Structures are given as structure tokens and as C-alpha cells.
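Working notes for the structure below.
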Amino acid sequence: MDVLDIARWQFGIITVYHFLFVPLTIGLTAVIAGLETAWVRTGKEDYLRLTKFFGKLFLINFAIGVVTGIVQEFQFGMNWSDYSRFVGDVFGAPLAIEGLLAFFLESTFLGLWIFGWDKLPRGLHAGCMWLVHLGTLASSWFILAANSWMQHPVGHRFNPETGRAELTDFWAVMFNKVQVVTFPHVIFAAYMTAGTFLLGVSAYLYMKKKHEADRPMYHRAIRIGAVITLLAGIGVAVTGDLQGKVMTEVQPMKMAAAEGLYETSDSCAPFSVFTLGTPDGKEEKFAVTIPCLLSFLATGSFDGKVEGINPLSEQYVETYGSDPTSTTYTDGDYTPVIPVTYWSFRFMMGLGIFAAAGAALILWLTRKGRTPGVRWLGVLGLSLPIATTLASSWGWIFTEMGRQPWVVFGLMTTESGVSPGVSVFEAATSLVVLTSLYAVLAVIEVKLLVTYINKGADPYEEPPRVKVGGSDDEDAPLTFAY
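The sequence shown maps to residues 428 to 909 in my numbering.
Written as C-alpha cells, this is what we have:
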């Protein structure tokens, strides 16, 4: 393996690992804010208990997510210095705003939420978590704007003297057509992940005999989680359909690679649900297809034309030739790894559909206060959070691998973005060290989550009523003091 291969593996491992926490963090802030708001409005004890219980789980996930995110940023300077130099002028603005505004908003109001239970009025305290959620949305917007620019670079000019892309239109980057459809798709996926987490944890505790007294509360949480999952799943499907059409417009090779379509289909291109072929993916042996579905996904018409990999490869070679930013990329192979794009696309869609269908089934099985059998509840409840988490991960793998060999589509190949001064030994060492560190963090994360989940929700404890300006009880102890 050379430095490029090691750097790609390291970035892939760390990015996928970090993204395990991101959707759950985004979605849980909305779920927790909603549960606390329901408690403030209704005064029902169950809502407060669920708020505090899932708040603990959220904080564990948030803490590990922050740590893994920081390491991810270090990678740009470690293994991808040429890439960082090339995109720095464009990425500087959105990523600076994300750190100074969005993350500051998240961390400030999360601190107020953690330490303000007996110092803030109830409505204001619930509002703090809504502001945390707003911060996660803002953070997602700016980060996705940077990623969308890599998929469809706009609002810039290439300076051949400096070898850098220079920002010329900030708003074009912020409202990139790829960004406009990617953002809601990712956010709905986050809501879906949080919904299945609420459902799955509650189903697990519902089955535990030691929590039998709290079964009505967990039954309610199961249904809330199922509703969130189903509604978010519909949002994911709609935005995913829009995203596919934009993707076909700006990155036709990615859509062709998602289907393994080598020759252009002038009309009614089928979508293969399952295919067996040669190891390189270039020859089909057996396939189960849905007629005309690919044309609809790509163009919005069942008779739409979908370009194939081979003619697109010829177009790319004619347009780009060798890499315009480097003399090292001369083979003209602009085709991504077809088996990876093909199967990641199907895993993403299949697992998402499974989660939405499972949530609908649980809503049916729990209607009018009914309780499904433990086996049904266990299989569905525990499998749905895993399904949505994996679906999000496969979605990102498809998004990034389908763009290859470009790191910035049409401007810079991945090969040209790697740090020139890093040796194989240095790259391999960082790969081993960071992967080992993340394995340790994974053990810590799982151990903490399992420990606090098994404890279940704490007994109800009435928080003090607080007026604007302080507690009714002036002698009430501080939640936190230096």
C-alpha cells in the first residue's frame, strides 16, 4: 500500500466512525426538546422522566462525537495538505462560521440545559434544548455546504498562479443546488435515527421484568419513536428522490455507477434490486430488476434517458484528459469502484425502507394500547436503530466513493490531494494509532450506553418551580458551583 491508499483508509474509517454519532446527536436534540416541551405543556411525569433519561444517553453520544470530530479535522493537515491548500479559501468561511457560531450555540445552551434544571423557568429550560437543536442544524448546514461544494463546485475561480480555488460568491456556495437537497435528506435521516433509538431503547426496557412497573411509559415512548421514524422515513424518501435527480444532473457518473449501468439507456432504464456479476462488475450474470425505475429515479420520467459508464468515461477523458491540477494522474480512468457504489446504494435504500416499514408495523401492533409479543417487539425494536445507523453510514460511503477519483469534482483528484511529505511509515502509524484509539472509544461508548440503558429512567422527582430571575427558594442549592 502507498500513502494514498493508507490516507484513504484512515479518512474512511474515521469519517464513518464519526458519522455514527452525528445523526443520533442531531435527532436526539429534537426528540429531547419535544419530550420536555410535552412535559411543560401537560405536566405528565412520564415525559419528564423520558427527557432526563434520554438526555443522559444524548450527552454520552455528544461527548464521544465531539472527540471524534476533532480528530477528523486534524486529518486535513496530516494526510491531505495539498487538498487543504486547494480548498482552504472556499472552505474557510463556512467552516469558520460553523465553529464560531453553530458549535458555540450548541455548547452554550447545552451547558445551560445541563446545569439549569433548578435555576431556569421550565419553559426557558426547554427552550435551551430547542436552541441546541437549532445549533446542530446550523452546524450541519455549513458542513454540508462544504461537502456539497466538493460534489458540485460553484462560486469560485481557479487561480493557476497559486494553484488554489478562490471564493468569489459565498451565497452560491451556501445555496448550492446539491446542498439544497442534501441538507433536508441528512436531517430527516437524523430524525429517523433518533426515532428508532427512542423506539429500540424503550422496547428493550419494556421487555425487562425489573422495569415492569414502567411499561406504560415505555409503551408510549415506543409509539412516539415509531411515529417519528415513519414520518422521517417519508421525508428521507422524498428528499432522496430529489437528490437523485440533482445528482444525475451534476454527477451523471455517480448515478450510472449506482446501477452499474455501462451503456446508455435511451428510455425506460430498469433498476436492479439484486445482481450477480463478475468481480469487476462489468458483466451481469443474474439480476432481479424493476422496469423503468432507474429512469424515474434519475430523471423523474419513466422514459428518461440515463447515460452509461462507458460513454461517460469517454466524455470525461475528452473533457479533463489527465488531472488538471497534477501531472501524476494520466490514466484517464474516471470510473469509481462499481461494486462499492452499487451495493452501498442498495444497502442505504434497503435498510431505510426496512426501518420505515418496521416502524409502521410496530404502530399497528401497538394500536389502542395493544402489546406485541416479546419476540416481535425484541426483533423489531432492537434491529431498527442498527438499520438506520447503517443506512446513514452506507449513504455517506456511496456519496464519497461515487465521486471518485475526484476529491473535488472536475477540479482535483483524490490522488492530487494527498500530503506530499508524508511517508508510508508515518501514514501507517497514524492509521494504526487512530484506529486503535477509536476502538477504545467504541468500547467506552457501548459500555456507558449499556450501563445507563439498563438502569432505565430514574423515579420521578419534581423539579423546583423557578421564576424569571431565580428560584422561589432562595436557599435552594446550586446545581453547579465553583
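All residues carry an ideal CB built from backbone N, CA and C; glycine is no exception. All of these numbers come straight from a predicted model, not from anything done at the bench.
Which of helix, strand or coil DSSP assigns to V700: DSSP places V700 in strand when its eight states are reduced to three.
Secondary structure of R647, DSSP reduced to three states: Looking at R647 - three-state DSSP - the assignment turns out to be helix.
Test item: CB-CB of A884 and L477 under 8 angstroms: Result yes, Cβ atoms of A884 and L477 sit closer than 8 angstroms.
Secondary structure of T762, DSSP reduced to three states: Of the three classes helix, strand and coil, the one that applies to T762 here is coil, per DSSP.
Sub-8 angstroms separation of V673 and W576 beta-carbons: No.
Pair within 8 angstroms by beta-carbon distance, T623 and G667: In this structure, G667 does not lie closer than 8 angstroms to T623 by Cβ.
Residues that DSSP places opposite V605 in a beta bridge: Beta-bridge analysis with DSSP links V605 to no other residue.
Cα-Cα separation, V870 to T620: Answer to the nearest angstrom: the Cα atoms are 21 angstroms apart.
C-alpha gap between T840 and L431, whole angstroms: Taking the straight line joining both Cα atoms gives about 11 angstroms.
Extent of the continuous alpha helix (DSSP H) run through N574: From DSSP, the alpha helix (DSSP H) with N574 extends over R549 to Q578.
N-terminal and C-terminal residue of the beta strand (DSSP E) that E593 is part of: E593 -> beta strand (DSSP E) spans R591 to L594.
Neighbourhood of L522 by C-beta, 7 angstroms cutoff - its chain only, sequence neighbours within 5 removed: Taking L522 as the centre and dropping the five residues before and after it, the same chain places the C-beta of F569 and A573 closer than 7 angstroms to its C-beta, in chain order.
Short Cβ contact (8 angstroms threshold) for P738 with T793: No, Cβ-Cβ distance for P738 and T793 is not below 8 angstroms.
Proximity winner among G627, V845 and K636, relative to R647 (alpha-carbon distances): It is G627.
M839 - partner residues in DSSP beta bridges: M839 pairs with V835.
Rounded C-alpha distance that separates T768 from A529: Straight-line Cα distance between these residues: approximately 32 angstroms.
Residues near F480 by beta carbon distance below 6 angstroms, same chain, minus five either side: These residues qualify, in order along the chain: A884.
Nearest-angstrom Cα separation, counted from G590 out to F448: Their backbone Cα atoms lie some 35 angstroms apart in a straight line.
Alpha helix (DSSP H) segment containing R476, residue limits: First-last of the alpha helix (DSSP H) with R476: E472 to M505.
Cβ shell of A553 (< 6 angstroms), same chain only, five flanking positions each side left out: Counting only Cβ-Cβ distances below 6 angstroms, and skipping sequence neighbours, we find E463, T464 and V467.
Cβ contact check for the stretch 611–620 and the stretch 859–876: 3 or more pairs under 8 angstroms: Contact fails: fewer than three Cβ-Cβ distances are below 8 angstroms.
Residue range of the unbroken beta strand (DSSP E) whose run includes F852: Looking at the DSSP string, F852 is not in any beta strand (DSSP E); the run it does join, the alpha helix (DSSP H), is V851 to K882.
Which of helix, strand or coil DSSP assigns to S846: Three-state result, S846: coil.
Cβ neighbour criterion (16 or more within 10 Å) applied to P890: Exposed, because fewer than 16 other Cβ atoms sit within 10 Å of the Cβ of P890.
Start-to-end residues for the beta strand (DSSP E) that takes in H583: Taken as a continuous stretch (DSSP letters only), the beta strand (DSSP E) holding H583 covers H583 to N586.
Burial state of D509, where buried means 16 or more other Cβ atoms lie within 10 Å: So D509 counts as buried.
Cut-off 6 angstroms between Cβ atoms - residues of its own chain near P812, not counting five sequence neighbours on either side: Cβ neighbours of P812 beyond the five flanking positions: T623, F624 and G627.
Candidates A683, P679, E676 and L721, of which the one nearest S694 by Cα: When only C-alpha atoms are compared, the closest one is L721.
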